[in-house]
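To keep things clear, I will list the structure first and then write my remarks on it.
Residue numbers (UniProt numbering): 1 to 164.
Dropping the structure here:
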């Protein structure tokens, strides 16, 4: 067991709160928001756009903030022998991973839904609902990234404190 000081301990705790919250917020968009959007097919894209905008305002900054806290904890722990720095670095990567995941895997779907929501593109109700469903599943997968960060960092913290 290595001694962990208060500052990195608080960083890990803050990271745990942030990545846990980000995961839950993302998952709730799929679990509660997508069914609400589907309830009114004519305005599903507009409802999705509102959910998207609200999520975008708070979820990525929280996930990236958690990653920064994990990164600090990893940097601090790397100077101590027998530390669990790699767990915190891995957690940082998973938490920050929501941004590239969104751009790479969800970008095209986001663009199509935004085009419909803004009246730039016209698609059938069935096509829009298909895009909303696809986005929901991709979002649910994306929500596992900060959840994984939470689990990895929590395990690392238990190891660091000698509790496991």
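The beta-carbon is built from N, C-alpha and C at its ideal position, and this holds for glycine as well.
TODO: Quick one: residues in its chain with C-beta nearer than 7 angstroms to the C-beta of residue 46, no 5 flanking neighbours on either side, listed in chain order?
DONE: 117
TODO: Please name the residue, chosen from 99, 114 and 131, that lies closest to residue 142 on a Cα-to-Cα basis.
DONE: 99
- [ ] Take residue 101 as the anchor and find which of 81, 135, 130 and 83 has the nearest alpha-carbon.
- [x] 135
Task: alpha helix (DSSP H) segment containing residue 38, residue limits - done: 34–38
Open item on the list: Which of the three DSSP states is assigned to residue 80 in this structure?
Closed with: coil
TODO: Would you identify the three-state DSSP class for residue 209, choosing helix, strand or coil?
DONE: Nothing can be reported for residue 209: it is not among the residues displayed for the chain, which extend from 1 to 164.
TODO: Tell me whether residue 82 is buried or exposed, calling it buried when 16 or more other Cβ atoms sit within 10 Å of its Cβ.
DONE: exposed
Open item on the list: Using only CA atoms, which one of 105, 87, 78 and 113 lies nearest to residue 43?
Closed with: 113
Task: Run of the alpha helix (DSSP H) containing residue 105, from where it starts to where it stops - done: Premise fails: residue 105 is in no alpha helix (DSSP H) and is neither H nor E.
Task: Contact under 9 angstroms by Cβ, residue 153 with residue 105 - done: no
TODO: Would you mind giving the Cβ-Cβ distance between residue 69 and residue 15, rounded to the nearest angstrom? I have them listed as a contact below 8 angstroms.
DONE: 4 angstroms
Open item on the list: Could you tell me the alpha carbon to alpha carbon distance between residue 119 and residue 8, rounded to whole angstroms?
Closed with: 48 angstroms
Open item on the list: Counting C-beta neighbours from all protein chains within 10 Å, is the total for residue 96 16 or more, i.e. buried, or is it exposed?
Closed with: buried
Open item on the list: So, under 8 angstroms CB-CB, residue 161 and residue 41 are touching, yes? Tell me the CB distance rounded to an integer number of Å.
Closed with: In fact, because the Cβ distance is near 52 angstroms, the residues do not count as touching under 8 angstroms.
Open item on the list: Which of the three DSSP states is assigned to residue 118 in this structure?
Closed with: coil
TODO: Please state if the CB of residue 48 and the CB of residue 57 are separated by a distance shorter than 9 angstroms.
DONE: no
Open item on the list: What would DSSP say about residue 1, mapped onto helix, strand or coil?
Closed with: Confidence in residue 1 is poor, its pLDDT being 49 and thus under 50, which makes the residue's placement unreliable; the coordinate value appears in the next sentence. In this structure, residue 1 counts as coil in the three-state DSSP scheme.
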